[in-house]
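Report on the following structure.
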Amino acid sequence: MTLGDKIFAAILAGTFISMILYVIFGQITVRKLRKNPETKHALGVEFASGWDIFNVAGALALPKVVLQRLQRNAESSGMGGFEADYKILYKHTTVFDRVLAQLVYWSWSLSAFAMFIFMIAYFIV
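According to the numbering used here, the residues represented by the sequence shown are 49 to 173, in order.
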């Protein structure tokens with residue numbers, strides 16, 4: 049096994065773990081938020097099935113300063129309803145939900161970024 053194969057295997061393992069976390073987060077947290085009438089319409093736009101899980105994970109994982117700037121820019125450009133409303137979601141989630149959102153969002157982001165960088169490096173070399 050070459051070094052590239054080992055790196056690729058590690059990235060795939062990380063992607064597999066992030067997929068499992070994604071399903072768990074969707075079943076535990078987002079299902080609870082979908083059933084709540086106060087949060088049902090605060091989950092953001094669902095372009096594809098399950099996209100609202102990413103919206104909720106991002107709204108609970110990113111720092112509030114970043115979320116405030118994103119919301120301000122979205123409202124000024126007329127795209128205000130596309131992302132999840134972090135203020136409402138914070139009221140209706142527990143610390144466990146937020147930690148799970150952090151794990152889902154950052155593991156998914158890092159594995160996607162690592163796969164992208166690996167593909168670029170693979171085709172360059």
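By construction, the Cβ of each residue, glycine as well, lies at the ideal position given by its N, Cα and C atoms. Owing to the predicted nature of the structure, the values given are computational and were not obtained by experimental measurement.
Query: Integer-rounded CB distance, given that residue 104 should sit under 8 Å from residue 71; Result: Not quite, the Cβ-Cβ distance comes to about 14 Å (not below 8 Å), so this is no contact.
Query: Beta carbon of residue 40 nearer than 9 Å to that of residue 106; Result: As shown, the chain starts at 49 and ends at 173. That puts residue 40 outside it, with no answer to give.
Query: Run of the alpha helix (DSSP H) containing residue 157, from where it starts to where it stops; Result: 143–172
Query: Continuous alpha helix (DSSP H) stretch holding residue 52: start and end; Result: 51–73
Query: Alpha carbon of residue 96 to alpha carbon of residue 53, nearest angstrom; Result: 32 Å
Query: Beta-carbon proximity list for residue 87, same chain, < 6 Å, skipping 5 on both sides; Result: 81, 136, 140
Query: Under the three-state DSSP convention, the category residue 92 falls into; Result: coil
Query: Residue 108 beta carbon less than 9 Å from that of residue 150; Result: yes
Query: Where residue 98 falls: helix, strand or coil (DSSP); Result: coil
Query: Cα-Cα separation between residue 112 and residue 118, rounded to whole angstroms; Result: 10 Å
Query: Beta-carbon proximity of residue 143 to residue 101, cut-off 9 Å; Result: no
Query: CA-to-CA distance, residue 145 to residue 121, given in whole angstroms; Result: 27 Å
Query: C-beta atoms of residue 138 and residue 110 nearer than 9 Å; Result: no
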